Ligand SMILES: [Fe+2]
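Residue numbers (our numbering): 2 to 512.
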């Protein structure tokens, strides 16, 4: 085990640099947010570093805020941002976090939006067998690391005769889940060393809970081994989010979360958008002064309606040319107040590959838009004045609604919470969502975001789950004929707004 050695970490102005140097000696880098949290810790930093290092896998290169948060006594976190200087010279990842800037409520802080991670320009997929092997191994390894913080598991290959009758724990990927004629539930689990059959008897306490198990997710099971490749399960463990009541970061200003504009559709609600622009740009009375606090607009995909997305779409289109659809969208979006940073991700109606993860909109489309807009992929991690936002269009909600009991389009936030519990944006492979087998699984939620923002289902859902603001942002397309036939009632022209300092969410209505 690696150890923090040498003199104690001081509490003075040099502590930030000292922490970075001590961890660098052991081969670790620190995310700026993680350093900020350590600097704000009022307990023994020495002991905290020891706990972090002793529990961090050696394959981890960059220690993030999640790894730090797991070892904190939250009562010992200073509520004010650290006054300690945060070093910036050692690596790009050590740049000062905007969250470290001390703010008063009245102070206007320039918008600072930064793309942290997406697929754009990084696709490795050519679609051969080894791509799938890499993809699933990466998914397993990342989620296993999260689960192994709470479960002392063993590899499946070690469950031989010597384990007969003993209690064992295993972390595996669900290959299959079925119910037998006798009503027992059988889960086939796999890890890189072997296969295991996990049995949940129909009278077991966890039987109902086991109805939530879905294929391709990674879970932990504990039970009694029969020494012959079977375990009778007593408890189930999902990776889940750490218990946290609020993000440790504190941002500034407000962000509007939008998605599914569907410009080009004859159902695009131009009048509602015009009302929205007038409010945002201060052209109408706004006694609350809320519009002036907006610093960011995030659009989680389906900027336009696209062409040929579903059979018979042409009869729903007002603009039949995809480029003209984007030109029209740019006209609407370029009308947004210029001091607002606009972040645009694609969805399944946009002009990028249908297989996810999707890259940012191409350059020949971006050139229609204002040059200060930030184009990101789907999914994408961004920070808004230091607040981490995970943007995902949300196509996997279709799979989760189909598969999980109690999950519906009317409450998309419940499906999004299921993503957080599984630490994966699209856990079911090969159903409605086409996922390209990249060498890295970009859908694993490796660290808790402050905000999870999805769209796709055209209904608004807002919840808070273990400190994460879970928001689905509705649409700007009124009910289509298809939705009428399917009895789907979209929530259109309603915009969730989140205060990045208090993380409070409200809905604004422009219909
Ligand atoms: Fe959509």
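Glycine included, every Cβ here is placed at the ideal spot set by N, Cα and C.
Since this is a predicted model, take the numbers as computed values, not measurements.
Coarse secondary structure for residue 335, derived from DSSP in three states: By one-based count along the chain shown, residue 335 stands at place 334. If DSSP states are grouped into helix, strand and coil, residue 335 belongs with the helices.
Contiguous beta strand (DSSP E) assignments of at least 3 residues, all confined to the region 260 to 298: none
Which of helix, strand or coil DSSP assigns to residue 18: Here residue 18 corresponds to residue number 17 of the chain shown, with the count starting at 1. Here residue 18 sits in helix by DSSP.
Span separating the alpha-carbon of residue 176 from that of residue 125: Looking up residue 176 in the chain shown gives position 175. Looking up residue 125 in the chain shown gives position 124. So the two alpha carbons sit approximately 25 Å from each other.
Residue(s) in a DSSP beta bridge with residue 144: The residue labelled residue 144 in the question sits at position 143 within the chain shown. Beta-bridge pairing links residue 144 to no other residue.
Pair within 7 Å by beta-carbon distance, residue 471 and residue 418: Numbered from its first residue, the chain shown carries residue 471 at position 470. Numbered from its first residue, the chain shown carries residue 418 at position 417. Yes.
Beta-carbon separation (whole angstroms), residue 475 vs residue 451, contact threshold 8 Å: Position 474 of the chain shown, counted from the start, is the residue given in the question as residue 475. Position 450 of the chain shown, counted from the start, is the residue given in the question as residue 451. Incorrect: roughly 21 Å between the Cβ atoms, too far for contact.
Pocket of ligand 1 defined by Cβ to heavy atom distance under 5 Å: 261, 303
Spatially closest choice to residue 48 from 69, 31, 64, by CA coordinates: Mapped onto the chain shown, residue 48 falls at position 47. Among 69, 31, 64, the Cα nearest to that of residue 48 is on 69.
Candidates 355, 229, 325, 456, of which the one nearest residue 366 by Cα: The count along the chain shown starts at 1 and reaches residue 366 at position 365. That would be 325, whose Cα lies nearest to the Cα of residue 366.
Spatial distance of residue 345 from residue 189 (CA atoms): Your numbering for residue 345 matches position 344 in the chain shown. Your numbering for residue 189 matches position 188 in the chain shown. Cα to Cα, residue 345 sits roughly 40 Å from residue 189.
Residues of its chain near residue 1, where Cβ-Cβ distance is below 8 Å and the 5 sequence neighbours each way are ignored: In the structure displayed, the chain extends from 2 to 512; residue 1 sits before or after that span and is not available.
Contact check, residue 413 vs residue 460, beta carbons under 7 Å: Taking the chain shown and counting its residues from 1, the one referred to as residue 413 is at position 412. Taking the chain shown and counting its residues from 1, the one referred to as residue 460 is at position 459. In contact: residue 413 and residue 460 (Cβ atoms closer than 7 Å).
Cβ-Cβ separation, residue 337 to residue 265 (assumed contact under 8 Å), whole Å: Against the chain shown, residue 265 aligns to sequence position 264. Against the chain shown, residue 337 aligns to sequence position 336. Not quite, the Cβ-Cβ distance comes to about 19 Å (not below 8 Å), so this is no contact.
Spatially closest choice to residue 307 from 267, 271, 284, 294, by CA coordinates: The sequence position of residue 307 within the chain shown is 306, counting from 1. Per the Cα distances, 267.
Per-residue DSSP class, three states only, for residue 1: Residue 1 lies beyond the residue range present for the chain, which begins at 2 and ends at 512; the question has no answer from this structure.
Limits of the alpha helix (DSSP H) - the one that residue 483 falls within: Translated into the one-based positions of the chain shown, residue 483 becomes position 482. Counting along the chain, the alpha helix (DSSP H) containing residue 483 begins and ends at 482 to 486.
Distance CB(residue 1)-CB(residue 364) smaller than 7 Å: Because the chain is modelled from 2 through 512, residue 1 falls outside the range shown and cannot be assessed.
For residue 466: DSSP bridge partner residues: Against the chain shown, residue 466 aligns to sequence position 465. In the DSSP output, where bridge partners are listed per residue, residue 466 has 469.
Enclosing beta strand (DSSP E) for residue 381 [first to last residue]: Locating residue 381 in the chain shown gives position 380, where the first residue counts as 1. Here the beta strand (DSSP E) through residue 381 covers 381 to 385.
Expected contact under 8 Å - CB spacing of residue 499 and residue 258 to nearest Å: Counting from 1 along the chain shown, the entry for residue 499 is found at position 498. Counting from 1 along the chain shown, the entry for residue 258 is found at position 257. So it is a contact: roughly 7 Å between Cβ atoms.
Contact between the region 115 to 123 and the region 355 to 362 (3+ Cβ pairs under 8 Å): yes
Backbone secondary structure at residue 245 - three-state DSSP: Mapped onto the chain shown, residue 245 falls at position 244. Three-state result, residue 245: coil.
Sequence-distant residues of its chain with Cβ nearer than 8 Å to residue 484 (five each side left out): Residue 484 sits at position 483 when you count from the first residue of the chain shown. Contacts found: 459, 490, 491.
Spatially closest choice to residue 341 from 466, 112, 130, by CA coordinates: The count along the chain shown starts at 1 and reaches residue 341 at position 340. It is 112 whose Cα lies nearest to the Cα of residue 341.
Residue 50 to residue 41 span [Cα, whole Å]: In the chain shown, counting from the first residue as 1, residue 50 sits at position 49. In the chain shown, counting from the first residue as 1, residue 41 sits at position 40. Spanning the two alpha carbons is a distance of roughly 13 Å.
Residue 369 and residue 328 closer than 7 Å at C-beta: Here the question's residue 369 lines up with position 368 in the chain shown. Here the question's residue 328 lines up with position 327 in the chain shown. Taking 7 Å as the Cβ cut-off, residue 369 and residue 328 qualify as a contacting pair.
DSSP-derived helix/strand/coil call for residue 109: Along the chain shown, one-based indexing puts residue 109 at 108. Unreliable placement is indicated for residue 109, whose pLDDT of 46 sits below 50; no coordinate value is reported for it.
Burial state of residue 510 (16 or more Cβ within 10 Å): Here the question's residue 510 lines up with position 509 in the chain shown. The residue in question, residue 510, is exposed, as its Cβ has fewer than 16 Cβ neighbours within 10 Å.
Spatial distance of residue 301 from residue 398 (CA atoms): In the chain shown, counting from the first residue as 1, residue 301 sits at position 300. In the chain shown, counting from the first residue as 1, residue 398 sits at position 397. Rounded to whole angstroms, residue 301 to residue 398 spans 14 Å at the Cα level.
Selection from 503, 116, 229, 228 that minimises the alpha carbon distance to residue 377: Working through the chain shown from its first residue, we reach residue 377 at position 376. Closest option to residue 377, Cα to Cα, is 116.
Under the three-state DSSP convention, the category residue 198 falls into: Indexing the chain shown from 1 puts residue 198 at position 197. Residue 198 falls in the strand class under three-state DSSP.
Euclidean distance between Cα positions of residue 192 and residue 285: Sequence index remark: in the chain shown, residue 192 carries index 191 (1-based). Sequence index remark: in the chain shown, residue 285 carries index 284 (1-based). Taking the straight line from one Cα to the other gives about 59 Å.
Alpha-carbon spacing of residue 148 relative to residue 388, whole angstroms: By 1-based counting over the chain shown, the position of residue 148 is 147. By 1-based counting over the chain shown, the position of residue 388 is 387. Distance between the alpha carbons of residue 148 and residue 388 is about 25 Å.
Residue 444 and residue 432 closer than 7 Å at C-beta: Taking the first residue of the chain shown as 1, we reach residue 444 at position 443. Taking the first residue of the chain shown as 1, we reach residue 432 at position 431. It is not a contact, given that the beta carbons lie outside the stated cut-off.
First through last residue of the alpha helix (DSSP H) which encompasses residue 123: Numbered from 1 along the chain shown, position 122 holds the residue referred to as residue 123. Here residue 123 belongs to no alpha helix (DSSP H), and DSSP marks it neither H nor E.
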